[in-house]
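Scroll down for the structure; my scribbles are underneath it.
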Amino acid sequence: MADKTTTSQAGAAPTADSPAAIRNVVLVGPSGGGKTTLVEALLVAAGVLNRPGSVVDGTTVCDCDEAEISQQRSVGLALASLEHDGVKVNLIDTPGYADFVGELRAGLRAADCALFVIASNEEIDEPTKSLWLECSQVGMPRAVLITKLDHARANYENTLTAAQQAFGDKVLPLYLPADFGSIAGTAGGPCTGLIGLLSQTHFEYADGKRTTSHEPDASYGDAIEEMRGNLIEGIIEESEDETLMERYLGGEEIDQSVLIEDLEKAVARGSFFPVVPVCSTTGVGTLELLEVITSGFPSPPEHQLPEVFTPQGKSRNSLPCDPAGPLLAEVVKTTSDPYLGRVSLVRVFSGTISPDATVHVSGHFSSFYGGNGSSPTHADQRWTAGHADHDEDERIGTLSFPLGKQQRPAPQVVAGDICAIGRLSRAETGDTLSAKAEPLVLKPWTMPEPLLPMAIQPHAKTDEDKLAVGLQRLAAEDPTLRIEQNPETHQIVLWTMGEAHSGVVLDALARRYGVAVDTVELRVPLRETLGGKAKGHGRHVKQSGGHGQFAVCDIEVEPLPEGSGFEFVDKVVGGSVPRQFIPSVEKGVRAQMEKGLLNGAGSGYPVVDIRVTLFDGKAHSVDSSDFAFQMAGGLALREAASATKVNLLEPVDEVSVVVPDDFVGAVMSDLAGRRGRVVGTDKVGEDRTVVKAEIPEVELTRYAIDLRSLAHGAGSFTRSFARYEPMPEQAAAKVRASV
Ligand SMILES: Nc1nc2c(ncn2[C@@H]2O[C@H](COP(=O)(O)OP(=O)(O)OP(=O)(O)O)[C@@H](O)[C@H]2O)c(=O)[nH]1
Ligand SMILES: [Mg+2]
1 MADKTTTSQA
11 GAAPTADSPA
21 AIRNVVLVGP
31 SGGGKTTLVE
41 ALLVAAGVLN
51 RPGSVVDGTT
61 VCDCDEAEIS
71 QQRSVGLALA
81 SLEHDGVKVN
91 LIDTPGYADF
101 VGELRAGLRA
111 ADCALFVIAS
121 NEEIDEPTKS
131 LWLECSQVGM
141 PRAVLITKLD
151 HARANYENTL
161 TAAQQAFGDK
171 VLPLYLPADF
181 GSIAGTAGGP
191 CTGLIGLLSQ
201 THFEYADGKR
211 TTSHEPDASY
221 GDAIEEMRGN
231 LIEGIIEESE
241 DETLMERYLG
251 GEEIDQSVLI
261 EDLEKAVARG
271 SFFPVVPVCS
281 TTGVGTLELL
291 EVITSGFPSP
301 PEHQLPEVFT
311 PQGKSRNSLP
321 CDPAGPLLAE
331 VVKTTSDPYL
341 GRVSLVRVFS
351 GTISPDATVH
361 VSGHFSSFYG
371 GNGSSPTHAD
381 QRWTAGHADH
391 DEDERIGTLS
401 FPLGKQQRPA
411 PQVVAGDICA
421 IGRLSRAETG
431 DTLSAKAEPL
441 VLKPWTMPEP
451 LLPMAIQPHA
461 KTDEDKLAVG
471 LQRLAAEDPT
481 LRIEQNPETH
491 QIVLWTMGEA
501 HSGVVLDALA
511 RRYGVAVDTV
521 ELRVPLRETL
531 GGKAKGHGRH
541 VKQSGGHGQF
551 AVCDIEVEPL
561 PEGSGFEFVD
571 KVVGGSVPRQ
581 FIPSVEKGVR
591 AQMEKGLLNG
601 AGSGYPVVDI
611 RVTLFDGKAH
621 SVDSSDFAFQ
631 MAGGLALREA
641 ASATKVNLLE
651 PVDEVSVVVP
661 DDFVGAVMSD
671 LAGRRGRVVG
681 TDKVGEDRTV
691 VKAEIPEVEL
701 TRYAIDLRSL
711 AHGAGSFTRS
721 FARYEPMPEQ
731 AAAKVRASV
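Anchor point for the sequence shown: position 701 equals 701 in the UniProt record's numbering, and the numbering is continuous, going up by one each time.
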């Protein structure tokens, strides 16, 4: 039993001795498909719970966060483990809603295989296809679960066909739902059991439990024969033994153990997706599913480890999933608990974690993504909270196996397992934990880019500090949240994945940090420049008693080509402005340029692309000073600006929009409405197109939301700052009116 789990007393967490006795399974699927409810049913089937909780009542193990309880849906990933047949199964529940795809990606990283959950009463829509793609992109082995078999509108056959159309013909059922609709040729009704197509055994359920198993009734004969044939052919096509198909077609009965072995290999490769019908409300299929997980799904050693580096950035040979190897683990989720402090959910890839150990915590996002992650625009100018590179040694506070929010003490945690570590005060989501003596860094998984900006301010001015602390902590927990403190517009901007995500962030600010915030209109950092040549006379003269101030300067301004910046030319002759005050004039001009020229109160935008020539002025032997000439410089520029036109420049982004081909037309016409210029289109994969365009940033503020509805949830986009361009008069007029 060395590779089996060791504990199963009531209430205690199962503990695995070896990686081979662990299955890390992430539940993926559209929102409302029944993932969280299925976890309940599996926990009941495995004896962890006596009764299942309900999402509607807010009593499930995995939807334990206040936001989840009030919204009746998952917003973060959650872990619950059980033991079945001597194997520890870590179930990782993820939210299905697109805003929380960051949590899904973390779940995919922590897992070695997935259950793709779709409901038998729903269509396979575009967001569901995107979730399938998320799994494919990381090569995740998966089974397809068709749930809610008890639903009044359940249609198993239709769902199966739709799944095969959407995900390919390697989606093939292992079981047949019994007593169900047209499939078995019966009158239909609630599904009461499953019939194994390979084992040809009928498993019956009653009152939530598997009661008996026996040979299927003859009335299922035709249905079994057809589906079994399809399944066996599908498995054989995947077999590495090329003679198998010939033998099968030649009429040979292929041994079941051979088929199962080939099936397992194909599942592990991610090229075959067994379908299991399951019903959380009646428990039908839960034990069969646990059997598929424990005996058919890959264990951690069969899953390739992410790339490993030293903190200096040197690539290191990949490590095997060995409890005796060097420690290598990764923080996949961070939460704050009022009693436990920071809790880090950690997937151990190599080595063993023991309580009280000191570990090395490293976060090196910049080595992989540059800066603070690739900020959507102006990454260089903007300050974003969280995820600064760091390396430090920290002592582990507590070590536990979570069951939702309940923490059950863990004696130690071996490679392949997932645990929670308390009080790692510096560890952030995506950080690597390694041995103090041998620090390592894992290449972080690809984090989705938050693309919905929202400007906020504390409702009470006195809450500014509390807001900063709250935001900093939330950003450390959630890599899909960026906090921007814009130095030009002086706004705090939250970049989130969508409105549901920003709602969760604002809710957490209010609940956990006691800060109420108001949302305000987002200001896009514009630039000002001058429309033509003009002269400006700056006179700063104050001579009423005491030490006076005297400075006069004459300048000429002219616009320069875009991107030229600022030029200051000294053409003073005859010392009309003394040498030592020429830099003062320039300083005054620059200060005014920073404040902007659109209005006198300095609430405009920075001025760029101009040349200022100082050609004359006057000084006083006693009263002239550096300060006086700075003032005169600023005044001269303002006067010159009033003699010509102040033009506005706006930031323009390069945008790449990826959508299914059917939506290309809609995307193009929408882009045109946003003053976008389409630069080109390219095919991506079989049925998607990338549309590349240049679009003013002002027009992109709500694009994350608009694209989602435009492309029915199937679109994605990236944006990066390209350049500043003149703002058309109509748009500029609005800005002028508002400053
Ligand atoms: N009739 C029926 N309803 C179910 C079943 N499973 C789940 N539900 C209901 O479907 C709704 C959604 O279930 P959840 O478990 O929250 O779905 P989810 O996939 O976790 O959804 P997200 O967390 O938003 O991704 C809830 O109201 C459940 O009670 C089932 O087997 N039968
Ligand atoms: Mg859920």
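Where is the CB? At the ideal position from N, CA and C, for every residue including glycine.
Residue i in three-state terms, based on DSSP
i	result
L495	According to the sequence shown, residue 495 is Trp rather than Leu. W495 falls in the strand class under three-state DSSP.
H501	helix
R73	coil
A731	helix
I232	helix
D618	Note on identity: in this sequence residue 618 is Lys, with Asp being the wrong assignment. Strand at K618.
M245	helix
A16	strand
Q543	coil
Y97	coil
P320	coil
T377	Only weak support is given to the placement of T377: the predicted model assigns it a pLDDT of 41, under 50, and the question is left unresolved by the model.
G532	coil
L145	strand
G196	strand
T186	Any reading at T186 is ruled out, since the residue's pLDDT is 43, under 50, leaving its predicted position unreliable.
K692	strand
V331	strand
R51	coil
R512	helix
P300	helix
K35	helix
A78	strand
K405	coil
R736	helix
Among the options, the one whose alpha carbon lies nearest that of residue i
i	options	result
G208	A143, G76 and V278	V278
T294	F116, T212, V89 and D99	V89
A41	T147, S315 and T201	T147
A268	A218, H84 and F297	F297
D391	S434, R675, G548 and P448	S434
Q164	L340, I124 and L197	I124
F167	G34, S130, E521 and I610	S130
residue 740	H501, I421, V520 and L707	Because the chain here runs from 1 to 739, residue 740 falls outside it and cannot be looked at.
Beta strand (DSSP E) segment containing residue i, residue limits
i	result
N24	I22 to V28
D431	Element bounds for D431: n/a, residue is neither H nor E.
K129	Looking at the DSSP string, K129 is not in any beta strand (DSSP E); the run it does join, the alpha helix (DSSP H), is E126 to Q137.
R723	S716 to P726
P561	Counting along the chain, P561 falls outside any beta strand (DSSP E), and DSSP gives it neither H nor E.
Rounded distance between the beta-carbons of residue j and residue i, thought under 8 Å
i	j	result
V87	R142	The Cβ separation is near 18 Å, so there is no contact.
T689	V659	6 Å
I705	L452	7 Å
D63	S74	5 Å
T94	L77	5 Å
A551	A641	19 Å between Cβ atoms; not a contact.
V361	D417	With 8 Å as the limit, V361 and D417 do not qualify as a contact, their Cβ atoms being about 19 Å apart.
A111	T429	Wrong, their Cβ atoms sit about 16 Å apart, outside the cutoff.
L637	V612	7 Å
A98	P127	6 Å
Residue i, enclosing alpha helix (DSSP H) - first and last residue
i	result
Q165	Y156 to F167
Q630	D626 to A643
R473	E464 to E477
P583	I582 to K595
D706	Y703 to L710
R269	Q256 to R269
D670	V664 to G673
T286	T286 to E291
Heavy atom of ligand 3 within 6 Å of residue i beta-carbon
i	result
K333	Ligand 3 is not part of this structure, which contains only ligand 1 and ligand 2.
Could you tell me whether the segment 336-352 touches the segment 309-325, where touching means 3 or more Cβ pairs closer than 8 Å? yes
Are there three or more Cβ pairs, one per stretch, closer than 8 Å when the segment 673-681 is compared with the segment 564-572? no
If you pair each beta-carbon of the segment 144-163 with each one of the segment 270-284, do three or more pairs fall below 8 Å? yes
Taking 8 Å as the cut-off, does the segment 448-463 touch the segment 480-493 (at least 3 CB pairs, one atom from each stretch)? Touching, per the Cβ criterion.
Can at least three beta-carbon pairs, one atom from the segment 19-39 and one from the segment 306-318, be found at a separation below 8 Å? Taking a cut-off of 8 Å on C-beta distances, the segment 19-39 does not touch the segment 306-318, as fewer than three cross pairs fall below it.
Does the segment 644-652 come into contact with the segment 527-546, if we say contact requires no fewer than three beta-carbon pairs (one atom in each stretch) closer than 8 Å? Contact holds: three or more Cβ-Cβ distances are below 8 Å.
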